[in-house]
Amino acid sequence: MDFGLSDQQRELQEAARKFARAELPDLARELERDDKPIPDDMLRRYGELGFLGINLPEQYGGMGLNHLDALLVLEEFAQVSVAVAFPVFEALTGPVRTIEQFGSDALKAKILPEVIRGEKIVAVAMSEPNAGTALTDLTTTAEVDGNDIVLRGQKRWSSGAGHSHYYITYCRFAEDGKSIEGAKGIGAVVVEKGADGLSFGKPEELMGFRGIPSADIFLDDVRVPKGNLITGAGGFGKLMSAFGLERCGNATMGLGVAAGALEDALAYTQEREAFGKPIVDFQAVQMKLAEMAMQVDAARLLIWRAAANAGNGLPTVYESSLAKCFSNEMVRDVTQLGVQVMGGYGYSKEYPMEQRLRDGFAWGIAGGTTDVQKSNITAAMIGRRFNQRAK
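Residue numbers (our numbering): 546 to 936.
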């Protein structure tokens with residue numbers, strides 16, 4: 546068991562760190578201030594440097610490396626801010642991977658090179674006003690009509706809505722004119738921005754995640770070609786399997802936020818003086834810094850284990866849920882300690898710590914709540930799923 550990184554991984558990590566810290570801090574503050582997404586020119590720069598294709602196949606322009614390599618890069622971006630890291634998250638661990646895993650050859654050949662070059666962004670449209678954790682309650686319908694699939698419904702909490710170019714839209718298919726109930730009726734199609742009948746609600750105002758647009762999506766008789774089908778009815782299990790990697794990406798975003806908070810706290814406590822000496826000399830401060838470090842390192846090891854054991858496949862539900870849940874809870878604790886250690890400066894918007902606290906809290910809601918992850922973990926341990934429904 547080797548806990549060290551290879552020379553190639555260290556070089557990749559260092560390249561990502563140098564770029565992120567040299568070119569992204571000012572942009573991160575701008576995105577936080579204006580609540581705007583990454584500009585197109587910077588997205589293309591990500592693509593030119595290869596950051597959007599680390600673990601995507603070489604035949605589409607990616608580097609063909611493994612998932613751990615991708616997570617090393619993602620953490621470095623997330624240490625600056627989640628807004629500047631979000632396109633990397635979406636490409637390397639998020640909805641792009643669903644297309645790469647289950648899309649047709651034609652769909653992959655069209656979309657993956659555009660994403661890897663930094664020309665297009667893919668978002669996922671899953672949740673609805675009355676279907677979030679209980680995703681199998683979704684009501685957005687898909688009906689095959691000749692060579693088209695017609696979509697009707699509404700989506701909510703879609704990060705990237707209005708800004709992204711493609712939307713992986715979860716929907717309920719019909720058979721003989723009647724919607725197929727439960728999980729067995731659910732599949733997914735790709736909807737392109739600009740499609741007739743596709744519209745967006747007003748941008749949501751969230752506690753954090755500024756710089757990551759989010760809005761309702763309305764699908765009013767939206768027609769997409771049948772070639773945009775990812776999986777039809779009965780594909781829900783396949784779609785959910787892709788979330789093993791997304792959970793690791795989610796966990797790494799939280800890890801980056803927490804690691805950045807620890808670094809800020811370490812620097813501040815060695816510079817700030819009280820009673821004639823740096824506050825790091827006080828044992829109460831030392832205890833907080835040690836607690837932060839223990840949690841950050843533990844989260845990183847859980848994430849790396851899940852990714853390393855997956856190789857180029859998908860991480861298991863057990864290991865990815867453990868990593869996500871621990872990281873989700875860890876980042877809330879660590880950023881809270883960071884604010885406390887920095888006192889008034891931690892609470893001030895002049896410094897990034899309070900933003901880290903706000904951004905960090907969201908990861909235990911997005912991509913499956915911490916309670917859902919705990920249910921996943923227990924189900925994996927005993928070997929069966931739990932029926933959460935009242936009847």
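Where is the CB? At the ideal position from N, CA and C, for every residue including glycine. Computed from a prediction, not measured in an experiment: that's the story for all the values here.
- Nearest to SER786 by alpha-carbon distance, out of PHE647, ASP580 and ILE927, is PHE647.
- Between the segment 610-627 and the segment 791-809 there are three or more inter-stretch CB-CB distances shorter than 8 Å, so the stretches are counted as touching.
- Within a 10 Å sphere around the beta-carbon of ASP761 sit 16 or more other beta-carbons, which makes this residue buried.
- About 11 Å separates the Cβ atoms of GLU659 and ARG589, ruling out a contact at the 8 Å cut-off.
- The segment 652-701 contains, as complete beta strand (DSSP E) runs of 3+ residues, the segments 667-670 and 686-690 (chain order).
- With respect to GLY732, PHE754 sits apart: the two C-beta atoms are not nearer than 8 Å.
- Below 8 Å, too few C-beta pairs join the segment 686-700 and the segment 632-652 to call them touching: fewer than three.
- Beta-bridge pairing by DSSP links ARG768 to VAL695.
- Here PRO770 is exposed: its Cβ has fewer than 16 other Cβ atoms, across all protein chains shown, within 10 Å.
- Per DSSP, THR797 is one residue of the alpha helix (DSSP H) stretching across 788-816.
- ALA911 and ALA851 have their C-alpha atoms spaced approximately 19 Å apart.
- Straight across, the Cα-Cα distance linking ASN921 with ASN932 is about 12 Å.
- The C-beta distance from GLN624 to ALA810 rounds to 13 Å, too long to fall under 8 Å, and the pair is not in contact.
- Between TYR591 and VAL633, the beta carbon gap of about 7 Å places them in contact (Cβ cut-off 8 Å).
- Bounds of any alpha helix (DSSP H) do not take in ILE910, whose DSSP letter is neither H nor E.
- For THR915, the enclosing alpha helix (DSSP H) stretches over residues 915-927.
- Short of 6 Å from the beta carbon of SER704, and not among the five residues preceding or following it, lie these beta carbons of its own chain, in chain order: ILE757 and SER759.
- Among the bridge pairs identified by DSSP, SER709 is matched with none.
- Membership of ILE775 in any alpha helix (DSSP H) is not indicated; the residue belongs instead to the beta strand (DSSP E) covering 774-776.
- In this structure the segment 899-910 touches the segment 873-887; the number of beta carbon pairs closer than 8 Å is three or more.
- The shortest CA-to-CA distance from ARG578 to any of PHE827, ALA628 and LYS822 is the one to ALA628.
- In this structure GLY777 does not touch LEU652 by the C-beta definition: roughly 14 Å separates them, more than the 8 Å allowed.
- Only exposed fits ALA835, as fewer than 16 other CB atoms lie within 10 angstroms of its CB.
- Shown here, PHE622 sits in a helix according to DSSP, grouped into three states.
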